[in-house]
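Peer 1: Heads up: the sequence shown runs through residues 322 to 453, numbered per the working numbering. Cβ coordinates follow ideal geometry from the N, Cα and C atoms, glycine included.
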Amino acid sequence: MEWNFADLLEGVADVVPDHVAVVCGDRRFTYREFDERSTRLGHHLIDSGLQPGDHVGIYAYNGPEWIEAMFGVWKARGVPINVNYRYVESELAYLFDNADLVALVHGREFVPRIAHVLPESPKLHTFVSIED
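(1) If you follow the beta strand (DSSP E) that Gly378 is part of, which residue opens it and which one closes it?
(2) Output needed for Phe431: all residues of its chain with C-beta closer than 6 Å, excluding positions within five of it in sequence on either side, in chain order.
(3) Taking C-alpha atoms, which residue in Trp324, Arg353 and Val394 lies nearest to His364?
(4) Looking at C-alpha atoms only, which residue of Arg398, Tyr382 and Asp418 is the closest neighbour of Arg407?
(5) With DSSP run on the structure shown, which of helix, strand or coil describes Pro373?
(6) Are three or more beta carbon pairs between the segment 346-366 and the segment 396-410 nearer than 8 Å?
(7) Tell whether a beta-carbon distance below 7 Å holds between Phe350 and Pro401.
(8) My output table needs one value for Leu422: the three-state DSSP class, helix, strand or coil.
(9) May I have the straight-line CA-CA distance separating Lys265 from Asp368, to the nearest angstrom?
(10) So Arg434 is in the alpha helix (DSSP H); what residue range does that whole segment cover?
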């Protein structure tokens, strides 16, 4: 069996589910909550057609949702690719294509930029918006 970081999270969540896993400002998530949230994302990505080894961009500000996205991609056996939120549209178009992204987890505020470069990203077919 192949192991990845998501498997480690699940193991910790099984042993200490109610311990705090992530703190960001006044927001706190237990290992159980963190595992459940990333599992839901992983299942959604698989249901949307993600195959093991597919690349998934994470285009968001640093925070719990970014970490959840990374673990969700790992749970789906995908490869998380960081997308710097400072990139301009030409850089985004290059990265989306060059990294072979098939899915993108993104902050809602980036939708206009994504829409602008989407015609240049034919492989990109699945989008998950992070809501506030």
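Peer 2: Let's see:
(1) His376 to Tyr380
(2) Tyr380
(3) Val394
(4) Tyr382
(5) coil
(6) yes
(7) no
(8) strand
(9) No statement about residue 265 is possible, as the shown extent of the chain runs from 322 to 453 and does not include it.
(10) Val432 to Val438
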